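Report on the following structure.
In my numbering, the protein residues as written are 2 to 275.
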């Protein structure tokens, strides 16, 4: 657990995050923090926004799934909880040299039963934002075995930005963007030994923190399984607006007309957390 930005443990975690693009923060959320997170999550389940997949997310026979993200009403619900938790402090400690942090958006996932895996991808492919001061906090409300958790390619946040995945189960590397020069995703599952993979078993209160350009995928769930997950995305000082070769997020009204590539990623809709 991160105590202060200057602690030995924090330095080790920061070094891991900067090197690998992903780190596990054990017991970062106290029971009250986790209860607040679950309250926000439940709000999202009952308030489907305009940008989520709903029940069509990685759906397969014998499973129930749900996904939603960037609900324009979510900041008013999530901000009080975010201000009360240690997530902002953890983000600043992992970045190491950002003085500010902003809430970009939330994303919720629900999988019940034997659902298919989530294809390998980089979140950055879908977002008009670049920078070192970017982070995703992955919070699961159930214990998850390492074999059924998220999987990451260590250090891939420093490598190329790939084309997005269409999450096509038959062709998991099918390019999202039909134009532009982003390279096609590698087929990680076809040659896993060619990649430096890491995954983490987690307990409630643990948080996985990763840079959105880190290549990752979600393992399938087994029959009878339940996985409820909340992802929180923050950005800091050096974040800039970036071009992508097609429509992309964050889906915030007016954002993409207001900023040009390379300009600081600042917009009134994003709640300041510091």
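Glycine residues also receive a C-beta, built at the ideal position from the N, C-alpha and C atoms. In this text, all values refer to a predicted model and were calculated from it rather than measured experimentally.
Could you check whether residue j and residue i sit closer than 8 Å to each other, using their CB atoms as the reference points?
{"i": "residue 95", "j": "residue 15", "result": "yes"}
{"i": "residue 116", "j": "residue 222", "result": "yes"}
{"i": "residue 108", "j": "residue 239", "result": "no"}
{"i": "residue 152", "j": "residue 217", "result": "yes"}
{"i": "residue 136", "j": "residue 210", "result": "yes"}
{"i": "residue 123", "j": "residue 162", "result": "yes"}
{"i": "residue 128", "j": "residue 251", "result": "yes"}
{"i": "residue 148", "j": "residue 254", "result": "no"}
{"i": "residue 83", "j": "residue 154", "result": "no"}
{"i": "residue 142", "j": "residue 274", "result": "no"}
{"i": "residue 213", "j": "residue 125", "result": "yes"}
Using only the alpha-carbon positions, how far apart do residue i and residue j sit?
{"i": "residue 91", "j": "residue 182", "result": "35 Å"}
{"i": "residue 276", "j": "residue 261", "result": "No statement about residue 276 is possible, as the shown extent of the chain runs from 2 to 275 and does not include it."}
{"i": "residue 184", "j": "residue 131", "result": "17 Å"}
{"i": "residue 4", "j": "residue 87", "result": "Note on residue 4: pLDDT 42, under 50, position unreliable in the model; the coordinate value appears next. Answer to the nearest angstrom: the Cα atoms are 10 Å apart."}
{"i": "residue 257", "j": "residue 264", "result": "11 Å"}
{"i": "residue 50", "j": "residue 72", "result": "5 Å"}
{"i": "residue 102", "j": "residue 65", "result": "35 Å"}
{"i": "residue 69", "j": "residue 11", "result": "32 Å"}
{"i": "residue 248", "j": "residue 215", "result": "21 Å"}
{"i": "residue 193", "j": "residue 206", "result": "29 Å"}
{"i": "residue 236", "j": "residue 106", "result": "10 Å"}
{"i": "residue 1", "j": "residue 118", "result": "Here the chain covers residues 2 to 275 and nothing more, so residue 1 does not appear."}
{"i": "residue 97", "j": "residue 44", "result": "32 Å"}
{"i": "residue 74", "j": "residue 41", "result": "12 Å"}
{"i": "residue 8", "j": "residue 17", "result": "14 Å"}
{"i": "residue 85", "j": "residue 159", "result": "32 Å"}
{"i": "residue 30", "j": "residue 39", "result": "12 Å"}
{"i": "residue 271", "j": "residue 186", "result": "30 Å"}
{"i": "residue 232", "j": "residue 138", "result": "5 Å"}
{"i": "residue 146", "j": "residue 34", "result": "22 Å"}
{"i": "residue 191", "j": "residue 150", "result": "19 Å"}
{"i": "residue 246", "j": "residue 180", "result": "6 Å"}
{"i": "residue 2", "j": "residue 89", "result": "A caution first: residue 2 carries a pLDDT of 43, below 50, which makes its placement in the model unreliable, though a value can still be read off. Their backbone Cα atoms lie some 14 Å apart in a straight line."}
Where DSSP assigns a beta bridge to residue i, which residues make up the other side?
{"i": "residue 113", "result": "65 and 227"}
{"i": "residue 234", "result": "106 and 137"}
{"i": "residue 298", "result": "Absent from the model: residue 298. The displayed extent of the chain is 2 to 275, so no value can be given."}
{"i": "residue 259", "result": "According to DSSP, which records beta bridges pairwise, residue 259 is partnered with nothing at all."}
{"i": "residue 17", "result": "Looking at the DSSP assignment, residue 17 forms no beta bridge with any residue, so it has no partner."}
{"i": "residue 177", "result": "DSSP, once it has assigned bridges, lists no residue as partnering residue 177."}
{"i": "residue 70", "result": "108"}
{"i": "residue 253", "result": "According to DSSP, residue 253 bridges with nothing at all."}
{"i": "residue 242", "result": "130"}
The alpha helix (DSSP H) that contains residue i, what's its start and end?
{"i": "residue 132", "result": "Premise fails: residue 132 is in no alpha helix (DSSP H) and is neither H nor E."}
{"i": "residue 89", "result": "88-96"}
{"i": "residue 75", "result": "75-85"}
Hey, quick one: how far does the beta strand (DSSP E) through residue i stretch, first residue to last?
{"i": "residue 219", "result": "217-219"}
{"i": "residue 38", "result": "Segment 32-46 is the alpha helix (DSSP H) holding residue 38; no beta strand (DSSP E) there."}
{"i": "residue 210", "result": "208-211"}
{"i": "residue 183", "result": "Segment: none, residue 183 is in no beta strand (DSSP E) and carries neither H nor E."}
{"i": "residue 119", "result": "119-122"}
{"i": "residue 25", "result": "23-26"}
- Query: Taking one C-beta from the region 159-174 and one from the region 104-113 each time, how about it: are there three or more such pairs within less than 8 Å?
  - Reply: no
- Message: Closer than 8 Å is the cut-off here; do at least three beta carbon pairs connect the region 197-206 with the region 23-36?
- Response: yes
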